[in-house]
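Residue numbers (this note's numbering): 24 to 225. Virtual Cβ for every residue (Gly too), placed ideally from N, Cα, C. A quick note: this is a predicted structure, and the numbers were derived from the prediction, not measured. Below is one structure, written out as structure tokens, with a few remarks after it.
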Amino acid sequence: MSSETVPAVTTNTITGQLIGYARVSTDDQEAQLQRDALTAAGCARVFEDKASGKNADRPELRSALDYARAGDTLCVWKLDRFARSLIDLVTMVDMLRERGIGFKVLTGALANIDPGTADGRLMLQVVGAMAEFERSLIKERTRAGLDAAKAQGRTGGRPSVVNEDVLTVARARKAKGESVSAIAKALGVSRATLYRHLGDDS
């Protein structure tokens, strides 16, 4: 009994359709930005989950994966809209590759990188690891800020003071089109604080 091996799909061997996947919060600006980008990229259909970064239940992603066939390519706006950890990213991309489904990221460091190649896979893992490290670093600094505030007699709420490293990340994300509300939620800081620091950039 012979077994059939599905060939890996690269951006140069796409024979099917582009299938879009978006994961949005309550921020309408980012949601529309994702939809517009995926549609402009030529996605025949876009699946959309409304979930927080901590919510592992993504029914529309499962629907997108069920819908996709060998030769198709799953397309996302940004890497963090698809996976929230390096293990999650590698597992998902490996699963797509085994099924003969391509994977494409429209923006960020992985734009135009083909994860179906050896170089592309390496780049995917490096960028995924860096993104995971950045999230861990931000959480640690936010926790340190809260601990410092409690030590000074302030309790509860998101930190009203942020350090320059967090502001650097916030400015970079704002420059890419994210709203202050979405950035504040992602970084775990006060929206009013970010408005105060980023107001001149609006």
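Subject >> heavy atom of the ligand ATP below 8 Å from Glu-201 C-beta >> reply: Among the components modelled here there is no ligand, and therefore nothing to report on the ligand ATP.
Subject >> Burial state of Glu-13 (16 or more Cβ within 10 Å) >> reply: Shown here, the chain extends from 24 to 225; a query on residue 13 therefore has no answer.
Subject >> Reduced DSSP secondary structure (H/G/I, E/B, other) of Ala-205 >> reply: The sequence position of residue 205 within the sequence shown is 182, counting from 1. Ala-205: helix per DSSP, three-state reduction.
**OP:** Could you tell me which of Thr-130, Ser-108 and Arg-107 sits nearest to Ala-64, measuring between CA atoms?
**Re:** Sequence index remark: in the sequence shown, residue 64 carries index 41 (1-based). Of Thr-130, Ser-108 and Arg-107, the residue nearest in Cα terms is Thr-130.
Original post:
From what residue to what residue does the alpha helix (DSSP H) around Ala-87 run?
Top reply: Against the sequence shown, residue 87 aligns to sequence position 64. Note, Ala-87: alpha helix (DSSP H), 82 to 90.
Original post:
Would you say Phe-105 and Met-118 are within 9 Å of each other, going by their C-beta atoms?
Top reply: To locate residue 105, count along the sequence shown from 1; it is residue 82. To locate residue 118, count along the sequence shown from 1; it is residue 95. No, they are not a contact pair.
Subject >> Rounded distance between the beta-carbons of Ile-136 and Thr-96, thought under 8 Å >> reply: Mapped onto the sequence shown, residue 96 falls at position 73. Mapped onto the sequence shown, residue 136 falls at position 113. That belief does not hold up - the Cβ atoms of Thr-96 and Ile-136 are roughly 13 Å apart, past 8 Å.
Subject >> Neighbour-count burial assignment, Gln-55, 16 or more Cβ in a 10 Å radius >> reply: Reading the sequence shown from its first residue, position 32 is the one you call residue 55. By the 10 Å Cβ count, Gln-55 comes out exposed.
Original post:
So what's Arg-194 in DSSP terms, helix, strand or just coil?
Top reply: As a working note, residue 194 is residue 171 in the sequence shown. Residue state, collapsed to three classes: helix.
Original post:
To the nearest angstrom, how far is it from the Cα of Arg-219 to the Cα of Leu-190?
Top reply: For the purposes of this step, residue 219 is identified with residue 196 of the sequence shown, where counting begins at 1. For the purposes of this step, residue 190 is identified with residue 167 of the sequence shown, where counting begins at 1. The alpha-carbon atoms of Arg-219 and Leu-190 are separated by roughly 11 Å.
Original post:
Straight-line CA distance for Ala-91 to Trp-100?
Top reply: Looking up residue 91 in the sequence shown gives position 68. Looking up residue 100 in the sequence shown gives position 77. The alpha-carbon atoms of Ala-91 and Trp-100 are separated by roughly 17 Å.
Subject >> C-alpha distance - Ala-207 paired with Val-47, whole-angstrom precision >> reply: Here residue 207 refers to the residue found at position 184 when the sequence shown is read from its first residue. Here residue 47 refers to the residue found at position 24 when the sequence shown is read from its first residue. Computed Cα separation, rounded: 15 Å.
Original post:
Taking just the CA atoms, how far does Leu-102 sit from Pro-82?
Top reply: Here residue 82 corresponds to residue number 59 of the sequence shown, with the count starting at 1. Here residue 102 corresponds to residue number 79 of the sequence shown, with the count starting at 1. In a straight line, the C-alpha of Pro-82 is about 18 Å away from that of Leu-102.
Subject >> Nonlocal neighbours in the same chain, by C-beta distance under 8 Å from Lys-197, ignoring five residues either side >> reply: By 1-based counting over the sequence shown, the position of residue 197 is 174. If we look at Lys-197 and ignore the five residues flanking it on each side, its Cβ neighbours are Val-203, Ile-206, Leu-221 and Asp-224.
Subject >> Rounded straight-line distance, which links the Cα of Asp-72 to that of Gly-211 >> reply: As a position in the sequence shown, residue 211 is number 188, starting the count at 1. As a position in the sequence shown, residue 72 is number 49, starting the count at 1. Distance between the alpha carbons of Gly-211 and Asp-72: 21 Å.
Subject >> Nearest to Ser-86 (by Cα), restricted to the options Phe-70, Cys-98, Asp-80 and Gly-94 >> reply: As a working mapping, residue 86 is identified with position 63 in the sequence shown. Minimum Cα distance to Ser-86 is reached at Phe-70.
Original post:
Helix, strand or coil for Arg-104 per DSSP?
Top reply: Within the sequence shown, the letter at position 81 stands for residue 104. In this structure, Arg-104 counts as helix in the three-state DSSP scheme.
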